[in-house]
Amino acid sequence: MIMENMVLLLAGSFEEFGRIADEIRGNCVCEVILVADGSQVVQEALECKPRLICLDQDLAGLDGVTCCEMLKRNESLEGIPVILIAASAHQDNLNHCKSTGSDAVLTRPLNYAQLLGIGQTLLTGGDRREVRIHCRITVEFRLNHLHQYGTCWNLGVHGMYIAYDGPVSVGDMVEMGFVVSDIYPSVVEVCGRVVWINKTPQGAREDLPEGFGVEFTVIPEDAQSIIRRFIAEI
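Pasting the structure below:
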């Protein structure tokens, strides 16, 4: 998993963000640092050098908007992805949060799956390790011992997003088979793990249909080669 073996900095109330921190620790092998006072955020980030920062807009001491602006003005920290949790879902406030230079803005209710999904997207994109292409590929998959069908909405060498409106949970293992195009008629067979869910009311991505993101855990060399060539030619 992309978020494993790294430092995450969460800044918000101990009650709400402490619960999120516990869920992250229970699902990822990573270090989670939690601060409740906004005046500590920049200094803490300079000391622990996190790979991802999540800020509550209503931080005590120094609000999240101001913290985000300070982080993005700091040469040592400006490249770290920042997720800002908006105090309200009013459009004017969301626009205000986006104007700070934050990499993503989320609204409440906040949950582990939602934060994980956005974090995965920001980290893979920021590291440039994952090139994703938009596509519409029928995927046959086995989930919870049942055969299902969905549509691959975007595809990369390390994972895919599958449009699917059935029951699914973060951590579920999935066996998938699909054909990327008529040019490559061989069935690509891979195994993966559900790492995030886009589902009302938890949905984190309005630009995607209901479904889930999968990180490949087993991908044969021939399957990886087909995906790489397919992506390069799109």
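Numbering (the working numbering), first residue to last: 249 to 482. Note that the Cβ used here is the ideal one computed from N, Cα and C, for glycine as well. Being a predicted model, the structure only gives us computed values, none of them experimental.
- Put simply, of Lys320, Leu456, Glu463, Cys383 the residue whose alpha carbon is nearest the alpha carbon of Gly419 is Glu463.
- The beta carbon of Val387 is closer than 8 Å to those of Tyr397, Gly398, Thr399, Cys400, Met408, Ile410, Met424, Gly425, Phe426 in its chain, skipping five residues each way along the sequence.
- Listed in chain order, the beta strand (DSSP E) elements of length 3 or more contained wholly in the stretch 270-303 are 279-283.
- Annotated three-state conformation of Met254 is coil, per DSSP.
- Taken in chain order, the unbroken stretches of beta strand (DSSP E) that lie wholly in the stretch 309-364 and span 3 residues or more are 330-333, 352-354.
- Under the three-state reduction of DSSP, Glu423 is assigned to strand.
- Counting C-beta pairs with one atom in each stretch, the stretch 269-277 and the stretch 295-304 have fewer than three that are closer than 8 Å, which means they do not touch.
- By a beta-carbon distance limit of 8 Å, Cys345 does not contact Leu325. Their separation comes to about 18 Å.
- DSSP places Arg380 in the coil class of the three-state scheme, outside both helix and strand.
- Annotation for Ile482: no beta strand (DSSP E) segment contains it, and DSSP assigns it neither H nor E.
- When the five nearest sequence neighbours on each side are left out, the beta carbons in the same chain lying within less than 7 Å of the beta carbon of Gln305 are those of Asp311, Gly312, Val313, Leu332, Ile333, Ala334, Ala335, Cys345, in order along the chain.
- The shortest CA-to-CA distance from Val405 to any of Val283, Arg477, Gln368 is the one to Arg477.
- Ranked by Cα distance from Asp430, the first of Leu394, Pro457, Ile385 is Ile385.
- Note: Trp401 is not bridge-paired with any residue in the DSSP secondary-structure output.
- Assignment of Ser473 by DSSP, reduced to helix, strand and coil, places it in the helix class.
- Excluding residues up to 5 positions away in sequence, Leu257, Cys296 lie with their Cβ nearer than 6 Å to the Cβ of Ile281 in the same chain.
- C-alpha of Val353 to C-alpha of Leu403: approximately 24 Å in a straight line.
- A direct Cα-to-Cα measurement between Leu319 and Gln472 gives close to 37 Å.
- Counting along the chain, the unbroken beta strand (DSSP E) around Gly407 starts and ends at 407-411.
- By DSSP's assignment, His393 forms no beta bridge with any residue.
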